[in-house]
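Worksheet for the structure shown next.
Residue numbers (the working numbering), protein chains in the order written: chain A, 16 to 445; chain B, 16 to 445.
Listed below in structure tokens is the structure:
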């Protein structure tokens with residue numbers, strides 16, 4: 016049952032507990048396991064990948080089967096419905112259109128004394144996308160990772176995903192990859208896949224950036240190889256926070272909470288409302304909808320452990336609590352969502368008004384669904400085209416400009432005790 | 016002596032060795048030490064800070080002395096020359112002017128069927144700047160970290176830096192902080208300072224983002240707390256790569272190599288040139304200038320271990336080798352630097368032409384001097400205003416728009432086995 020809380024202090028404590036759920040347990044055993052996997056793959060390459068795939072995925076592969084073949088890619092189109100293909104294509108279009116907005120562009124600026132300053136943006140050479148297997152093997156994950164990389168014009172994009180039964184990969188995932196323009200796909204998952212992308216093996220190329228969600232092993236492996244490669248973020252379980260006033264429809268709020276909870280027993284679904292009656296109606300609806308829910312067991316678990324309804328006296332307090340939690344997804348189910356937005360400081364994505372359930376953003380509104388979790392919205396943003404780009408600062412001084420700045424630079428160099436810094440200017444301008 | 020290499024394969028091998036120098040050694044003992052420090056600070060707060068400061072910095076402080084007082088801040092102005100003050104002020108102005116260019120701005124876009132999409136940019140609530148002590152206690156480091164945070168409008172910015180003799184902090188560092196608008200400064204360094212910023216203590220506030228360079232302990236601590244807070248990057252020792260043709264002045268190239276080497280015995284200084292004669296002239300000049308260099312011992316060590324001149328047959332090969340190395344600083348000391356730039360794929364900052372020594376960018380050209388090292392330029396960029404900002408995606412659908420997309424979303428939700436996702440749309444549109 017969805018718990019209801021009325022006191023702000025209790026709410027703050029509960030929100031903190033839920034926010035800390037990801038890394039609250041003891042993770043040293045996993046860290047140790049991941050370290051061993053990463054080191055072994057770094058040293059033994061493909062051989063280690065096959066060993067770990069046999070051990071963890073219980074699939075016995077040979078090196079030649081690591082890469083998904085052209086005929087498997089073709090066959091995937093026969094294994095999904097036309098309706099699904101068209102849905103994937105429409106999502107693809109809409110996600111691409113959004114990501115093409117405000118792509119970083121190189122610029123230079125000409126200043127007095129012929130000083131030229133600027134930034135030059137370029138894509139990374141190679142990107143590696145991780146797509147989870149099993150319960151979370153989603154075509155939408157593929158689109159949300161692949162399309163920004165494509166828009167960034169990354170020359171080589173590879174995808175890794177663990178093999179399922181008989182080494183198979185979800186055909187919808189294979190179709191989504193191809194629709195997004197990716198055909199280099201390897202059948203490997205877990206920490207071993209992350210290590211392969213970070214260090215390269217005979218079969219799998221070393222990449223510059225690794226993105227995509229995964230379980231705790233994948234996440235710890237990403238953290239471990241960060242610095243050798245770039246990563247998008249350390250993804251934790253998903254979460255939604257709904258701020259609702261008396262204009263919200265309790266059935267809609269309830270189904271949105273369940274849409275989050277059904278992802279994962281660790282998912283969090285939180286309602287903050289100024290309307291106590293609404294809280295009880297939502298509680299009732301959640302209970303009703305859980306009956307006969309196809310994913311009842313895990314969804315119920317998420318609601319019981321990380322579900323919460325908080326009744327507050329004003330939308331200001333609701334915004335305050337939401338900012339404390341810094342949710343991945345924030346729904347503003349209130350009469351004036353644009354009026355409330357000014358009070359929101361931290362949220363991965365904000366869904367405004369009564370006709371914008373989070374599912375719209377999960378699939379096809381356009382903005383990326385890879386968002387900061389576990390409070391990371393305090394400092395991080397959605398995955399985007401810039402995840403796959405970087406810039407070089409550009410600086411050109413003329414003779415005149417250097418002379419102009421010469422004494423200032425020498426004073427600073429002297430203060431820092433770096434004589435050659437000063438000399439590099441002095442020798443050019445004396 | 017600066018080594019000269021003529022064969023491309025040797026050059027590739029040497030560049031790889033130099034690029035890998037940061038983490039090539041065994042760092043497990045340091046990792047273990049850092050883990051203990053971070054955990055202890057997390058659990059014991061200020062008490063642990065004082066203990067570690069006594070142990071590592073050999074300074075016995077009390078809690079009330081952790082924060083640098085107003086009178087110390089005032090006094091710092093009396094301890095530096097007017098010339099240095101004016102140099103800091105000019106650098107401040109020029110760095111701020113550059114960082115005010117292209118600050119991320121919120122935007123929304125109105126689409127058909129009353130769909131509103133956009134991104135809302137906000138600063139982080141709190142930023143923590145780390146400024147090293149000892150050999151690398153530089154006012155320029157303060158400016159390059161503080162100014163982007165100020166331009167981002169971060170409401171609370173705190174600085175930490177280890178105490179020197181008698182608990183003192185470099186007055187130029189204190190003045191630079193104040194000129195950049197920072198007055199909350201704590202006398203603590205090392206991994207313990209990073210832990211304090213990540214978890215908070217009674218005295219030091221928990222922040223959202225930690226930036227700034229440091230030694231291996233600081234860097235490992237930043238990696239460890241990444242996920243709890245955001246970080247700028249994992250900084251390694253500094254490096255310059257100079258591409259020069261026959262138009263370059265050997266004395267200028269030599270002094271630029273030394274200006275990098277004088278930072279740190281681990282610093283790397285690399286010349287790639289199409290002109291063999293230049294290589295030998297630079298070698299001779301480096302040797303000559305090292306005589307009587309005030310930081311001879313460490314500079315010589317850097318040149319011996321991580322200095323290199325490579326003679327190549329063309330600027331294309333030079334660019335190829337440079338891209339392999341992905342240098343933090345790249346100088347193009349060639350007749351047509353803008354012609355060469357198209358071939359450069361990875362570099363933190365590019366200094367164009369004969370009158371742009373790296374020192375210009377280190378101090379006051381404007382672009383940030385906090386740049387990706389150790390090959391991270393393959394995927395990362397300079398510190399910037401965006402390091403202290405994040406965005407929330409904005410999505411608003413109208414009734415009509417949701418109806419329009421209803422069946423597509425339901426098809427995708429069904430394919431992913433997430434019934435409540437589909438229901439959240441179906442229940443709103445049926």
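Where is the CB? At the ideal position from N, CA and C, for every residue including glycine. Just so it is clear, the structure is predicted and the values come from calculations on it, not from any experiment.
Which chain A residues are close to residue 228 (chain B), counting only those with a beta carbon under 9 Å from its beta carbon? The premise fails here: residue 228 (chain B) is roughly 13 Å from chain A at the closest Cβ pair, so nothing lies under 9 Å.
Against chain E: residues of the region 415-440 of chain B by CB proximity under 7 Å: Structure shown: chain E not included; protein chains present are A and B.
Looking only at its own chain, which residues have a Cβ that is under 8 Å from the Cβ of residue 329 (chain A), when we skip the five neighbours before and after it? 289
Exposure label - residue 121 (chain B); buried when at least 16 CB within 10 Å: Exposed, by the Cβ-count rule.
Anything in chain B within Cβ reach of residue 72 (chain A), meaning under 8 Å, just list it in chain order. Chain B residues near residue 72 (chain A): none, gap ~20 Å exceeds 8 Å.
Note down, in chain order, each residue of its chain lying with its Cβ closer than 7 Å to the Cβ of residue 24 (chain B), except the 5 sequence neighbours on either side. none
Cβ pair residue 163 (chain A), residue 188 (chain A) closer than 9 Å: no
Per-residue contacts from residue 412 (chain A) into chain B (C-beta, under 8 Å): 368, 370, 371, 375, 380
In this structure, does DSSP put residue 181 (chain B) in helix, strand or coil? helix
Does residue 310 (chain B) come within less than 9 Å of chain A when only Cβ atoms are used? yes
Does the distance from the CB of residue 363 (chain B) to the CB of residue 342 (chain B) come in under 9 Å? yes
Would you say residue 304 (chain A) lies against chain B (beta-carbon separation less than 9 Å)? yes
Residue 124 (chain A): first and last residue of the uninterrupted beta strand (DSSP E) it sits in: 122-126
Give me the Cβ distance between residue 178 (chain A) and residue 68 (chain A), rounded to the nearest whole Å; I'm assuming they're in contact under 8 Å. 7 Å
Alpha carbon of residue 180 (chain B) to alpha carbon of residue 75 (chain B), nearest angstrom: 11 Å
Please classify residue 97 (chain A) as buried or exposed, where buried requires at least 16 neighbouring CB atoms within 10 angstroms. exposed
Three-pair Cβ contact test at 8 Å for the region 75-90 of chain A versus the region 266-282 of chain A: no
Can you name, in chain order, every residue of its own chain whose Cβ lies under 7 Å from the Cβ of residue 432 (chain A), other than the five neighbours on each side? none
With a cut-off of 9 Å, does the C-beta of residue 238 (chain B) fall near any C-beta of chain A? Among the CB atoms of chain A, one or more fall inside 9 Å of the CB of residue 238 (chain B).
Is there a Cβ of chain B sitting closer than 9 Å to that of residue 205 (chain A), yes or no? It does not: the Cβ of residue 205 (chain A) has no partner Cβ on chain B nearer than 9 Å.
Residue 371 (chain B) versus residue 190 (chain A): straight-line alpha-carbon distance, rounded: 51 Å
Could you tell me whether the Cβ of residue 271 (chain B) comes closer than 9 Å to any Cβ of chain A? For residue 271 (chain B), the closest Cβ of chain A is nearer than 9 Å.
Could you name the residues of the same chain whose beta carbon sits closer than 7 Å to that of residue 282 (chain A), not counting the 5 residues immediately before and after it, in chain order? 252, 253, 254, 275, 276, 317, 321
Show which residues of chain B have a CB atom less than 9 Å away from the CB atom of residue 132 (chain A). 113, 116, 380, 381, 382
Taking just the CA atoms, how far does residue 185 (chain B) sit from residue 173 (chain B)? 17 Å
Length-filtered (3 minimum) beta strand (DSSP E) runs lying within the region 251-334 of chain A: 254-259, 283-288, 322-326
Check for me: the beta strand (DSSP E) holding residue 134 (chain B) runs from which residue to which? 130-138
Best match in B:258, B:236, B:424 for proximity to residue 354 (chain B) [C-alpha to C-alpha]: B:258
Based on the DSSP secondary-structure assignment, which residues constitute the bridge partners of residue 405 (chain B)? B:137
Going along the chain, which residues of its own chain have a beta-carbon closer than 7 Å to the beta-carbon of residue 310 (chain B), five neighbours each way excluded? 277
Mind checking the region 144-167 of chain A against chain B and listing, in chain order, the residues whose C-beta falls within less than 7 Å of any C-beta there? 153, 154, 155
Grab me the residues of residue 429 (chain A)'s own chain with a C-beta within less than 7 Å of its C-beta, minus the 5 sequence neighbours each way, in chain order. 437
On a CA-only basis, which of A:351, A:291, A:176, A:106 is nearest residue 421 (chain B)? Give me that one, please. A:106
Which residues, in chain order, does the region 88-106 of chain A contribute to contact with chain B at a C-beta distance below 7 Å? 98, 99, 102, 105, 106
Cβ neighbour criterion (16 or more within 10 Å) applied to residue 366 (chain B): buried
With a 10 Å radius around its C-beta and 16 neighbouring C-beta atoms as the bar for buried, classify residue 143 (chain A) as buried or exposed. buried
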